[in-house]
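Colleague: The structure follows.
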Amino acid sequence: MKQVIISLSIATLAISNSVFGQQEKSATLKSAYQNDFFIGTALGLSQIYESDKQESKIVANQFNSIVAENCMKSMFLQPQEGQFFFEDADKFVALGEKNKMFTIGHTLIWHSQLPDWFFIDKNGKDVSPEVLKQRMKNHIHTVVTRYKGKVKGWDVVNEAIMEDGSYRKSKFYEILGEEFIPLAFKYAQEADPKAELYYNDYNEWHLGKIETVVKMVKNMKSRGIRIDGVGMQAHVDMTSPTLAEYEKAIVKYAQAGVKVNITELDLSVLPSPWGTSANVADKVEYDEKMNPYVNGLPKDVEEKWENRYMDFFKLFLKHKDKIRRVTFWGLTDSQSWKNDFPVKGRTDYALFFDRKCEAKPIVEKIIKLAEKK
Numbered sequence: 507m508k509q510v511i512i513s514l515s516i517a518t519l520a521i522s523n524s525v526f527g528q529q530e531k532s533a534t535l536k537s538a539y540q541n542d543f544f545i546g547t548a549l550g551l552s553q554i555y556e557s558d559k560q561e562s563k564i565v566a567n568q569f570n571s572i573v574a575e576n577c578m579k580s581m582f583l584q585p586q587e588g589q590f591f592f593e594d595a596d597k598f599v600a601l602g603e604k605n606k607m608f609t610i611g612h613t614l615i616w617h618s619q620l621p622d623w624f625f626i627d628k629n630g631k632d633v634s635p636e637v638l639k640q641r642m643k644n645h646i647h648t649v650v651t652r653y654k655g656k657v658k659g660w661d662v663v664n665e666a667i668m669e670d671g672s673y674r675k676s677k678f679y680e681i682l683g684e685e686f687i688p689l690a691f692k693y694a695q696e697a698d699p700k701a702e703l704y705y706n707d708y709n710e711w712h713l714g715k716i717e718t719v720v721k722m723v724k725n726m727k728s729r730g731i732r733i734d735g736v737g738m739q740a741h742v743d744m745t746s747p748t749l750a751e752y753e754k755a756i757v758k759y760a761q762a763g764v765k766v767n768i769t770e771l772d773l774s775v776l777p778s779p780w781g782t783s784a785n786v787a788d789k790v791e792y793d794e795k796m797n798p799y800v801n802g803l804p805k806d807v808e809e810k811w812e813n814r815y816m817d818f819f820k821l822f823l824k825h826k827d828k829i830r831r832v833t834f835w836g837l838t839d840s841q842s843w844k845n846d847f848p849v850k851g852r853t854d855y856a857l858f859f860d861r862k863c864e865a866k867p868i869v870e871k872i873i874k875l876a877e878k879k
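Structural data, given as structure tokens:
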């Protein structure tokens with residue numbers, strides 16, 4: 507009898523541990539959505555170098571994908587022609603390997619945060635198309651080859667299309683025309699044939715932008731140039747875009763034959779002088795009425811913010827067959843770029859973890875949402 511009781515106790519303990527393990531596993535964002543899409547976050551240098559134990563714990567426990575916020579942009583990787591600085595990027599990639607994460611490189615070709623030398627010759631004039639092509643190829647090949655097999659996906663080109671569907675008149679466009687985008691993807695594919703390749707942009711639900719991006723995707727595919735996904739930055743606010751607008755964009759991109767990445771998700775509760783924008787060139791002077799929640803969010807505002815996030819995640823789950831990953835642009839409210847954009851010095855509450863590195867109630871709600879599906 508004693509042996510039976512002991513056996514039953516062991517069996518009961520095993521079941522309890524199994525149940526507890528399942529509960530523990532489902533109590534994180536990454537485990538709750540592991541069968542739907544990757545859950546990621548952007549990392550700054552503080553998180554990359556694991557300077558704060560609380561932040562490091564959040565990154566390791568809650569996320570299974572990471573993207574470099576700044577250290578892989580060209581102005582940091584190649585500040586002078588032929589002189590590469592890889593220390594920060596190496597550390598970032600090593601962190602992803604240590605935590606077995608789906609690591610994303612951001613970004614190879616972007617008109618902003620670009621070193622001055624990239625477009626000019628020794629006389630300060632625009633370089634020829636041939637020289638620019640070679641510089642693009644060298645930068646992309648050098649960076650992508652270094653992290654071949656380690657970085658799983660690249661934002662190859664960033665923010666090249668305007669809301670009306672026209673091409674941004676960047677130096678890339680002025681010197682090479684529309685062809686600079688297919689060229690960048692071609693070079694990236696050569697450097698790492700197995701890495702996923704993405705086009706990434708903001709205000710990605712605007713009809714003109716959707717039309718041009720879809721056309722661009724189809725054109726590259728017809729030419730045998732691989733593009734695996736479209737990144738929708740998802741810098742959203744409390745009113746814009748509508749869920750219908752966002753859903754239409756997700757469906758349109760998926761119909762073009764690529765996966766959708768929600769790449770830079772944050773939800774601002776603060777008023778905007780012109781509506782939602784992510785153009786870092788846009789700045790307006792500080793205005794007190796633009797910073798109404800210095801001492802925290804009123805309860806009713808917080809509830810509306812939570813409901814808005816919930817609605818977006820319901821939409822993501824509805825279209826999980828089309829979505830590869832959902833990545834937040836930052837870890838905690840204190841580090842969010844929205845505190846300084848478009849009005850410097852504001853206090854925003856755009857992310858899932860507060861200024862004390864504590865999970866907001868929305869985290870548990872988003873986890874439960876996945877468990878109910």
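Residue numbers (the working numbering): 507 to 879.
By construction, the Cβ of each residue, glycine as well, lies at the ideal position given by its N, Cα and C atoms.
#1: Below 7 Å CB to CB, which residues in the same chain sit around LYS758 once its five sequence neighbours on both sides are set aside?
#2: Considering only the beta carbon of each residue, do ARG830 and PHE625 sit closer than 8 Å?
#3: Are the region 599-618 and the region 672-681 touching by the rule of at least three beta carbon pairs closer than 8 Å?
#4: Identify the residues that DSSP records as bridge partners of THR609: which are they?
#5: Just curious, the alpha helix (DSSP H) that ASP713 is in, first and last residue?
#6: Would you kindly report the start and end of the unbroken alpha helix (DSSP H) that includes TRP811?
#7: Select from ARG641, LEU583, LYS656, SER746 the residue whose C-alpha is nearest the C-alpha of ALA600.
#8: Pull up the distance between the alpha-carbon of THR833 and that of VAL736, whole angstroms please.
#9: For ILE812, tell me which candidate among ALA865, SER778, GLY763 has the shortest Cα-Cα distance.
#10: With DSSP as the reference, identify every bridge partner of ARG831, one or two as the case may be.
#11: Taking only the alpha-carbon atoms, compute the straight-line gap between VAL775 and ASN767 and give it to the nearest angstrom.
#12: According to DSSP, simplified to helix, strand and coil, what is GLU753?
#13: Judging by CA-CA distance, which residue of ALA666, VAL573, GLY611 is the nearest neighbour of THR651?
#14: Look at the alpha carbon of ASN845 and the alpha carbon of PRO777, and state the distance between them as a whole number of angstroms.
#15: Could you give the DSSP three-state label for GLU702: helix, strand or coil?
#16: Does the Cβ of LYS874 have 16 or more other Cβ atoms within 10 Å, making it buried, or fewer, making it exposed?
#17: In this structure, what does DSSP give as the bridge partners for ASP707?
#18: Using 7 Å as the cut-off, classify the Cβ of GLY730 as near or not near the heavy atoms of the ligand MG, replying yes or no.
#19: On the CB-based measure, 16 or more other CB atoms within 10 Å of its CB, does ASP622 come out buried or exposed?
#20: Please name the residue, chosen from ILE572, PRO585, ASN576, SER562, that lies closest to GLY602 on a Cα-to-Cα basis.
#21: Can you name the start and end residues of the alpha helix (DSSP H) that GLY851 belongs to?
#22: At what residue ranges does the region 591-644 contain a whole run of the alpha helix (DSSP H), taking only runs of 4 or more?
#23: Excluding the five sequence neighbours on either side, which residues of its own chain have a C-beta within less than 8 Å of the C-beta of ILE554, listed in chain order?
Modeller: According to the data block:
#1: ILE716, VAL720
#2: no
#3: yes
#4: THR609 pairs with ILE572.
#5: Reading the sequence as shown, one finds Leu at residue 713 and not Asp. Counting along the chain, the alpha helix (DSSP H) containing LEU713 begins and ends at 713-728.
#6: Segment 805-824, the alpha helix (DSSP H) holding TRP811.
#7: LYS656
#8: 13 Å
#9: It is Glu, not Ile, that sits at residue 812 in the sequence shown. The option with the nearest alpha carbon to GLU812 is ALA865.
#10: PHE544, ASN767
#11: 23 Å
#12: helix
#13: GLY611
#14: Spanning the alpha carbons of ASN845 and PRO777 requires a straight line of approximately 12 Å.
#15: Reduced to three states, the DSSP call for GLU702 is strand.
#16: Burial check for LYS874: the Cβ neighbour count within 10 Å stays below 16, so the residue is exposed.
#17: MET738
#18: With respect to the ligand MG, the structure offers nothing, as it holds no ligand at all.
#19: exposed
#20: Comparing Cα-Cα distances from GLY602 to each of ILE572, PRO585, ASN576, SER562, the minimum goes to ILE572.
#21: GLY851 -> no alpha helix (DSSP H), and no H or E assigned at all.
#22: 593-604
#23: ALA574, CYS577, ASP594, LYS597, PHE598, LEU601
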